[in-house]
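Position 199, counted from 1, in the sequence shown is what this note's numbering calls 199; the numbers after and before it change by one each time, with no gaps.
C-beta: ideal position from N, C-alpha, C; glycine also.
Since the model is a prediction, treat every value here as computed from it, not as a measurement.
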Amino acid sequence: MRVMHALRWWPSLLKDLVLKPRYDPVRFWERRHAAGHTFWTVGRRAFDETGNEEWYGRLADDLRAAFSRDQLDLKTLSVYEIGAGIGYWTRLVCDLGCRKYEGTDLAGSAVAWLRSQFSSYSFEVRDAATDSIPGLWDVILMMHVDEHVHGERFTGMLRHVKAAMTPTSRFFTTYAPVAKPSGLTYVEYHTREDFARVFPDAWIRQVPQPNRGDPMLAISAAYGTGR
Ligand SMILES: C[S@@+](CC[C@H](N)C(=O)[O-])C[C@H]1O[C@@H](n2cnc3c(N)ncnc32)[C@H](O)[C@@H]1O
Numbered sequence: 001m002r003v004m005h006a007l008r009w010w011p012s013l014l015k016d017l018v019l020k021p022r023y024d025p026v027r028f029w030e031r032r033h034a035a036g037h038t039f040w041t042v043g044r045r046a047f048d049e050t051g052n053e054e055w056y057g058r059l060a061d062d063l064r065a066a067f068s069r070d071q072l073d074l075k076t077l078s079v080y081e082i083g084a085g086i087g088y089w090t091r092l093v094c095d096l097g098c099r100k101y102e103g104t105d106l107a108g109s110a111v112a113w114l115r116s117q118f119s120s121y122s123f124e125v126r127d128a129a130t131d132s133i134p135g136l137w138d139v140i141l142m143m144h145v146d147e148h149v150h151g152e153r154f155t156g157m158l159r160h161v162k163a164a165m166t167p168t169s170r171f172f173t174t175y176a177p178v179a180k181p182s183g184l185t186y187v188e189y190h191t192r193e194d195f196a197r198v199f200p201d202a203w204i205r206q207v208p209q210p211n212r213g214d215p216m217l218a219i220s221a222a223y224g225t226g227r
C-alpha cells in the first residue's frame, strides 16, 4: 500500500515542483474535488489515507481541547466554515452537536458532495477572498485553507472574517509559525504577522498543541478584553 501511495505521490509532486503550473484557485480546486472526496483531495499528499487520518486526528483533538478550554459548547453556538473540503471538520462539528452550521467552499463539486453528506446543514459556493460572510457567527473555522489564498486575497479574506465576528466570536485557523518559502505554486505560507495586519495582536492566541496537531491560532476580541 505504501509503495502504491509513493508511486502516486512522487510523480504528482515532481510535476508541481518542476512545471510550476500557474495557480488558478477555482480551476485547481474544482479539478481536485471532481476527482474524488478523500484525503488525496484535501489532505497532505505525502501521507496516505491512514497517515492523513492520524495527522487530522491530532489537530482534531487539539481543536476539541481548545473548544473545551474556551468553554465553547457547540450545541448552543453557530459555526461558519471556510473551505469545508470533504467535510472532515463538518463531521467534527456535527458530532459535537452543532445545530446551526454553514459551510462554504470555492469548488462547486465540493459543495454538491457536502450537501449530499450533511442534509441538515447548509453549504454555499463562495470565494472567501472576495465574498463577504452573511451574518454574524459564534465560531468561524478555517483549517488548512490559509496557505491556498495568496497575497491581497488573503488580507481580503481576513477582513471578511473580522466583519462576521461579534465581541465574543472565536476564529480558529491553521497558520505557519515561521515564514518559509514554498516550492509549490498553490502554497503560500502565512504567519501570525499576516493575521495581525487585520486583527489586533491582543486578539490573537496560539492554540496549545497537547496532541501535536498542526499549528493553529485562535482569534477573538474577547481575548483582547481578557474574557
Ligand atoms: C487543503 S483543502 C482543506 C479542506 C478542509 N478544510 C480540510 O481541512 O480538510 C483547502 C480547501 O479550501 C478550499 N478553498 C481554497 N481556496 C478557497 C477560497 N478562496 N474560498 C473558499 N474555499 C477555498 C478548497 O476548495 C479546499 O476544499
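- As the crow flies, the alpha-carbon of GLU147 is around 12 Å from that of ALA129.
- At least one heavy atom of ligand 1 sits closer than 7 Å to the Cβ of GLY83.
- Within 7 Å of the C-beta of TRP29 there is at least one heavy atom belonging to ligand 1.
- The beta carbon of GLU53 lies closer than 8 Å to those of PHE39 in the same chain, with the five residues before and after it left out.
- The segment 159-211 contains, as complete alpha helix (DSSP H) runs of 4+ residues, the segments 192-195 (chain order).
- A contact is defined here as three or more CB-CB pairs under 8 Å, and the segment 195-208 fails this definition with respect to the segment 44-61.
- Comparing C-alpha distances from ALA35 to each of GLN71, ALA107, PRO215, VAL187 shows the shortest one belongs to ALA107.
- A distance below 8 Å separates the beta carbons of ASP138 and SER169.
- Rounded to the nearest angstrom, the gap between the Cα atoms of PRO177 and TRP113 is 33 Å.
- Apart from sequence neighbours up to five positions away, the residues of its chain that approach TRP29 with a beta-carbon distance below 6 Å are LEU106, ALA107, ordered along the chain.
- Among the bridge pairs identified by DSSP, PHE123 is matched with GLY103.
- If you draw a straight line from the Cα of LEU7 to the Cα of ASP16, it comes to about 15 Å.
- Given a length threshold of 4 residues, each whole run of the alpha helix (DSSP H) inside the segment 48-121 is given here in chain order: 49-69, 88-95, 108-117.
- In the structure shown, ASP131 adopts coil according to DSSP, grouped into three states.
- Nearest to ARG212 by alpha-carbon distance, out of GLY97, ALA66, ALA163, is ALA66.
- The alpha carbon of TYR175 has as its nearest neighbour, out of LYS162, VAL18, ILE219, the alpha carbon of ILE219.
- Here DSSP, grouped into helix, strand and coil, assigns LEU7 to helix.
- By the beta-carbon neighbour count (other beta carbons within 10 angstroms, threshold 16), VAL93 is buried.
- Taken atom to atom, the span from the alpha-carbon of GLU152 to that of ASP131 is near 14 Å.
- At a cut-off of 7 Å, the beta-carbon of HIS148 counts as near ligand 1: some heavy atom of the ligand is closer than that.
- In this structure, ALA202 lies away from TYR186, with their beta-carbon atoms at least 8 Å apart.
- Nearest in C-alpha terms to VAL207, of all of ALA221, LEU59, THR166, PHE123, is LEU59.
- Annotation for ARG205: ALA218, TYR223 place their beta carbon closer than 6 Å to its own, counting only its chain and skipping 5 residues before and after.
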